[in-house]
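J.:
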Amino acid sequence: MTLLLEPQRVLPVHRLVEAVWDEDAPATAAHQVRKAVAELRQRIPGGRDLIVTDGPGYRAAVTTGQLDLLQFTDALRRARDHAAAGRTVEATALLREALALWRGPVLSGSGGTVVDAASAALEERRMTAVEQLFELRLEAGEGAELVAGIREAIGGNPLRETLRGQLMLALYRSGRQAEALEEYGNIRDLLDEELGIQPSDSLRELHQAILRNEPSLTVAAAPAAAAPAVAGSRSTLPYDLRDFTGREEELHKLLGFVEDATGSGPLIVAIDGMGGSGKTSLAVRAAHQLADRYPDAQLHLDLRGYTPGEEPLTPAAAAEALLRMLGVPGERIPDDAAGRITLWRSTMTKHRMILLLDNVVSEAQVKPLLASPTGTVVLITSRALLVDLDAAHSVSLGTMAPPDSVSLIVGIIGERRAQAEPEAVADLADLAGHLPLALRIAAARLRKRPRWTVRYLVDRLRDDTHRLAELSAGERSVEVTLRLSYEGLGADYRKAFRLLGQYPGADLDVYTAAALLDSGTRDAEDVLEYLLDMHLVQQHEPGRYAFHDLVRSFARMLSRTRSSGGTGEFSEEAEGAVRRLLEFSLAASDTACDLLFPGRVRMVRPEPSFRPELAPLSSPGAARDWFEREQDSLLAAITLAFRRGLDREVALLAANVVFHLDLRGRLDEFLALCRTAVAAARRLDEAALLRLSLSNLAVACWKRGRFEDGIAAAVEAHELAVELGDRRGQAKDTGVLGLLLATTGRFDEALPRLEQSIALKRELGAERAESESLSNVSGVYMERGCFEQAVEAADRSIELARKLGASEKELVGLSDLAQVQLAMGDVEAAARTLADARERTPGALAPADRALQLVLSAEAEGRLGRQPQALRWVEEALATKGLEDAPVREVTVWNTAGRFFHRDGDDERALRLHRQALASAARLGHRVEEAYALDGIARALAALGDAAGAAEQGAAAEEAFVAMGIPGRFRRGD
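Heads up: the sequence shown begins at 2 in the numbering used here, then just goes up one per residue.
(1) Going along the chain, which residues of its own chain have a beta-carbon closer than 8 Å to the beta-carbon of L654, five neighbours each way excluded?
(2) Under the rule that 16 or more other beta-carbon atoms within 10 Å means buried, what is D297, buried or exposed?
(3) What residue range does the beta strand (DSSP E) around G58 cover?
(4) Starting from E764 and walking both ways along the alpha helix (DSSP H), at which residues does that stretch end?
(5) Could you give the residue range of the beta strand (DSSP E) that holds H394?
(6) For a minimum of 4 consecutive residues, which ranges assigned as the alpha helix (DSSP H) are wholly contained in the stretch 19-55?
(7) Between the C-alpha atoms of N697 and A715, what's the straight-line distance to the nearest angstrom?
(8) What are the uninterrupted segments assigned as beta strand (DSSP E) that are 3 or more residues long and contained completely in the stretch 465-549, given in chain order?
(9) List the residues that DSSP assigns as beta-bridge partners of H301.
(10) Quick check on this structure: which residue in L71, G58, L41 has the alpha carbon closest to the alpha carbon of P8?
(11) Counting along the chain, where does the alpha helix (DSSP H) carrying A780 start and finish?
(12) Measuring alpha carbon to alpha carbon, tell me which residue in V737, F628, Y307 is nearest C702.
(13) On the CB-based measure, 16 or more other CB atoms within 10 Å of its CB, does D510 come out buried or exposed?
(14) When DSSP builds the beta bridges, which residues end up paired with V270?
(15) Hey, out of S408, M401, L551, P505, whose CA is closest to E471's CA?
(16) Distance, Cα to Cα, P753 vs M783?
(17) Could you say if the stretch 892-903 and the stretch 861-879 meet the contact criterion of at least three C-beta pairs nearer than 8 Å?
(18) Assign N214 to one of two classes, buried (16 or more other C-beta atoms within 10 Å of its C-beta) or exposed (fewer than that).
(19) Return the CA-CA distance between A556 and Y494, expressed in angstroms with no decimal places.
(20) Using a Cβ-Cβ cutoff of less than 7 Å, which residues in the same chain neighbour T89 once the five nearest sequence positions on both sides are dropped?
(21) Among residues of its own chain, excluding the 5 on either side of Q868, which ones have a beta-carbon nearer than 8 Å to its beta-carbon?
(22) Which class does A227 belong to by DSSP, given the choice of helix, strand or coil?
(23) Assign R235 to one of three DSSP states: helix, strand, or coil.
(24) I'd like the span of the alpha helix (DSSP H) that includes Y173, first residue to last.
(25) Could you tell me if L937 is buried or exposed, where buried requires 16 or more neighbouring beta carbons within 10 angstroms of its beta carbon?
(26) Go through its chain and collect everything with a Cβ distance to R970's Cβ below 6 Å, but skip five positions before and after it.
(27) With a cut-off of 8 Å, do at least 3 Cβ pairs link the stretch 309-317 to the stretch 337-344?
(28) Is the separation between the beta-carbon of T834 and that of L853 shorter than 8 Å?
(29) Could you say which of S798, I799, V792 lies nearest to D827 if we only look at CA atoms?
(30) Could you pull out every residue in the same chain whose Cβ sits closer than 7 Å to the Cβ of L458, ignoring the five residues on either side in sequence?
(31) Return helix, strand or coil for A956, following the three-state DSSP convention.
(32) Enumerate in chain order the residues of its own chain whose CB-to-CB distance from G277 is below 7 Å, with the five nearest sequence positions on each side excluded.
(33) Under a three-way DSSP split, which group does A141 fall into?
(34) Within the same chain, show all residues whose beta-carbon is closer than 7 Å to that of G434, passing over the 5 residues directly before and after it, in chain order.
(35) Is Q503 closer than 8 Å to S560 when the C-beta atoms are compared?
(36) With 16 as the cutoff for other CB atoms within 10 Å, does V231 come out buried or exposed?
This is the structure in structure tokens:
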């Protein structure tokens with residue numbers, strides 16, 4: 002049955018399962034469907050030809066002569082064509098023929114939700130045909146003979162207003178005016194009682210006409226008021242672009258709506274998209290491809306919804322323009338608006354044509370122009386999503402796909418020119434935002450200026466402040482196009498658009514929008530959804546909104562003015578939005594950092610100017626996800642703040658953002674951000690913020706292997722802490738300085754500073770900071786051969802981290818402890834420690850720290866003889882993405898891996914790794930790993946038979962170890 006309901010269409014097996022069992026299908030449902038199909042093929046004569054396996058499902062291969070549903074559909078289609086051509090007698094006969102196929106309720110019985118839905122749809126098609134038949138007979142002048150039939154139809158469908166209106170007209174024409182008026186009262190009362198609504202406008206108008214005894218009701222439409230005949234085919238379509246590019250999917254979808262059309266009303270396809278997205282070009286192409294199927298006329302009318310200096314056309318003005326396009330003489334067009342619209346709608350029902358209503362501002366502009374029944378296809382283009390246009394299909398245009406954008410440019414400037422600069426052409430497409438209008442303007446400028454290279458125009462477009470001015474040629478301008486959309490907004494939405502345009506990130510959520518707008522999240526969401534419908538913002542995932550690049554440039558241009566209409570400094574409202582954004586970002590990142598990095602200490606915050614509504618974060622995982630989503634936008638906000646001179650906000654927000662950059666191993670951005678914060682704090686001339694920023698810079702320099710810069714930053718930070726009497730600052734900066742000195746091999750200077758830092762942090766109760774310094778000092782104790790102290794420090798670091806719930810510190814502490822245990826020769830203990838670490842959340846570790854954990858695990862397993870697992874871990878460690886951004890960890894991983902391969906007998910691999918480590922460590926000034934790299938090279942060369950080379954490298958290593966005070970019997974790898 003389900004196959005016959007959709008003849009000649011392939012229905013997947015899962016669709017047939019749904020039809021039989023709804024949502025309660027057994028596990029064997031698909032098998033049972035296939036079994037049933039096999040049985041039907043056997044029982045039905047010629048069953049194998051009727052039920053065809055096609056791709057993922059089955060198809061009923063039936064002809065019109067075999068299935069009454071196809072006969073019904075075909076008769077309706079032919080009746081519609083005859084009616085559109087004015088051949089009402091033939092149309093009436095075909096409708097009678099179609100309805101005669103019915104013998105009662107279709108698919109009666111219990112058939113499940115799919116079958117029930119199909120039954121309801123078929124019944125609706127039948128009733129539409131019944132109404133069309135009555136309409137044609139009324140137009141032919143019938144009256145009394147229709148009353149009984151219409152009453153019978155109403156008996157099963159009491160709420161259908163079309164039937165009620167037809168009954169009222171039939172009664173009136175039978176001389177039964179009182180009954181006609183009574184019938185109106187009946188439907189009015191029923192609609193009020195059942196649905197709480199009033200009769201439609203058309204039914205109320207008919208009621209008034211009956212009350213007034215209007216002559217036009219007594220007979221079918223008189224010849225003077227009849228729809229004019231069209232002499233030959235008329236077309237006012239614009240020309241189809243020869244270089245039309247892309248949009249294959251959208252065009253296929255649009256044409257598919259026409260192919261699959263059913264029913265008697267106008268087929269409406271609404272194409273929406275931002276200004277310049279190519280809506281008209283797509284509609285025109287579709288109209289030209291459909292022209293042969295709609296021979297009476299192909300009409301295009303610009304309704305001027307977004308035309309500079311002009312008001313949108315009223316429905317009456319549009320109706321008059323369309324009638325004149327069809328050649329209707331001016332004297333036959335009524336003077337009143339209602340008369341013009343009525344004549345147009347009557348005309349529309351008589352012709353099979355394409356109507357392209359371009360540049361529509363709202364549903365109210367086009368609804369009065371639509372009539373039923375009709376053979377007209379109505380294509381509508383609008384910058385707004387027309388959600389209140391009933392029964393309309395929708396095609397939404399975004400930007401073009403990058404390959405299509407490039408193809409469009411190539412088609413305009415020529416292949417030779419494009420092939421000479423392929424990268425510049427791709428950049429041009431990106432800077433034009435893949436917007437068809439912008440692409441055409443940019444390419445047209447190049448075509449008119451043959452001496453310009455593509456790269457020259459690309460460089461001009463990179464300046465965001467002048468990009469829109471560059472994208473202008475003749476009467477076409479991206480800025481003008483966007484301004485028309487903007488000026489079509491109400492005052493409150495225009496202000497909201499300007500405020501949201503201050504956001505520097507790629508996309509935003511309702512909480513960020515609420516801060517920019519100084520509103521609640523519900524109101525912010527309403528604004529965003531409205532701008533989304535108007536195609537002034539985009540949505541690539543639920544809950545996230547984004548500006549197209551050119552729209553953002555336009556919004557910022559509006560704000561570089563004192564009155565949001567010219568040029569100048571950024572407006573006060575824009576400055577206010579940016580300040581609220583930064584306050585919100587600080588409050589939100591405070592919440593996330595408190596969850597993700599427990600035990601950290603905040604600086605005192607300034608009093609906020611408003612109370613931002615924050616996204617609910619309840620766990621470290623939620624905080625980590627929030628940072629992942631917002632990290633790039635936070636960096637963009639800091640850059641914006643620095644450019645605007647909001648230095649306090651820069652320094653405070655940067656102090657939060659560096660935590661997550663460090664965790665994710667984004668160390669270049671970590672370093673750059675710290676330098677920005679230092680510059681802002683110096684410009685602000687506030688010692689406390691400068692000390693904090695310098696301290697973070699020192700840490701970033703250590704992680705990026707810039708030890709001398711780090712030492713200088715740590716020293717200056719410590720001096721400021723002493724001046725300020727900031728004991729926490731002194732404790733941190735002393736510890737960071739000790740870490741930097743230790744890395745450069747200056748253990749005698751490093752150890753007392755680290756011990757002093759630990760003592761002060763313990764005194765202050767700064768447990769997170771103490772855990773960090775204990776982790777650092779354990780490494781110094783290990784290199785000095787003080788294993789008992791090293792183990793004690795690592796254990797204490799782990800204990801404090803667990804107490805705080807600082808999982809990333811705990812995992813680093815476990816790696817430190819394992820290193821000490823390996824150096825002691827307690828390999829079993831190291832293996833247990835590392836197994837404990839690996840079981841914990843991998844996402845809590847920075848990539849480079851994870852690589853160290855893996856390579857240490859490989860060393861432990863390898864020394865225990867478990868080579869296969871060890872080899873997998875060492876390869877995974879070496880392949881870690883992001884390891885190259887953490888050179889301090891990288892050289893340690895290389896040296897540890899080199900020792901692993903040496904023990905495994907692969908000395909060629911070991912030699913390569915140690916030489917990589919040597920080059921990097923020497924460049925960084927990482928004297929400890931430089932010495933271990935020399936030692937590893939010596940061992941590998943000796944194993945490969947190069948005794949002289951081994952002796953030379955071994956001597957250099959020994960000299961370095963002795964200079965640093967690393968005892969020979971306690972070195973790593975011995």
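Quick reminder that beta carbons are idealized off the backbone N, C-alpha and C, glycines included.
T.: On the basis of the data shown:
(1) Result list for L654: L583, S586, L587, S590, L635, A638, I639, A642, in chain order.
(2) Residue burial annotation: D297 is buried, with at least 16 other C-beta atoms found within 10 angstroms of its C-beta.
(3) It spans 58-61 - the beta strand (DSSP E) in which G58 sits, taken as one unbroken run.
(4) Under the DSSP assignment, E764 falls in the alpha helix (DSSP H) whose first and last residues are 748-765.
(5) Taken as a continuous stretch (DSSP letters only), the beta strand (DSSP E) holding H394 covers 394-398.
(6) For the stretch 19-55, whole alpha helix (DSSP H) runs of length 4 or above, ordered along the chain, are 30-44, 48-51.
(7) When rounded, the distance between both Cα atoms is 9 Å.
(8) Restricted to the stretch 465-549, the beta strand (DSSP E) segments that are unbroken, complete and at least 3 residues in length are 539-542, 545-547, listed in chain order.
(9) Partner(s): L357.
(10) The option with the nearest alpha carbon to P8 is L71.
(11) Residue identity check: residue 780 is Gly in the sequence provided, not Ala. Residues 768-784.
(12) Here the closest residue by C-alpha is V737.
(13) With 16 or more other Cβ atoms within 10 Å, it is buried.
(14) L380, H394, per the DSSP bridge assignment.
(15) Out of S408, M401, L551, P505, L551 has the C-alpha closest to the C-alpha of E471.
(16) About 15 Å.
(17) Cβ pair count under 8 Å is three or more, so yes.
(18) Exposed, by the Cβ-count rule.
(19) Cα-Cα distance, rounded: 12 Å.
(20) Cβ within range, chain order: L137, E140, A141.
(21) Closer than 8 Å at Cβ, skipping near neighbours: E862, D905.
(22) Because A227 sits at a pLDDT of 47, beneath the cut-off of 50, its placement in the model cannot be relied upon, and the following sentence gives the value as read from the coordinates. Assigned with DSSP and collapsed to three states, A227 falls in coil, not helix or strand.
(23) If DSSP states are grouped into helix, strand and coil, R235 belongs with the strands.
(24) In the DSSP assignment, Y173 falls within the alpha helix (DSSP H) that extends over 162-174.
(25) Rather than Leu, the amino acid found at residue 937 in this sequence is Gly. G937 comes out buried.
(26) Note on R970: pLDDT 49, under 50, position unreliable in the model; the coordinate value appears next. Sequence-distant partners of R970 (beyond 5 residues in either direction) whose C-beta falls short of 6 Å from its own C-beta are missing from its chain.
(27) The answer is yes - the stretch 337-344 touches the stretch 309-317, with three or more Cβ pairs under 8 Å.
(28) No. Outside cutoff.
(29) Closest option to D827, Cα to Cα, is V792.
(30) Excluding residues up to 5 positions away in sequence, L429, A443, R446, L447 lie with their Cβ nearer than 7 Å to the Cβ of L458 in the same chain.
(31) Helix, per DSSP.
(32) Cβ-Cβ distances below 7 Å link G277 to L436, P437, L438, A439, V479, T482 in the same chain, with the five nearest sequence neighbours on each side left out; the list follows chain order.
(33) For A141, the three-state secondary structure derived from DSSP is coil.
(34) The residues are T400, H549, D550, L551.
(35) Against a cut-off of 8 Å, the Cβ pair of Q503 and S560 comes out as a contact.
(36) Low local confidence applies: a pLDDT of 49 at V231 is under 50, so the model's placement there is unreliable, and no value is given.
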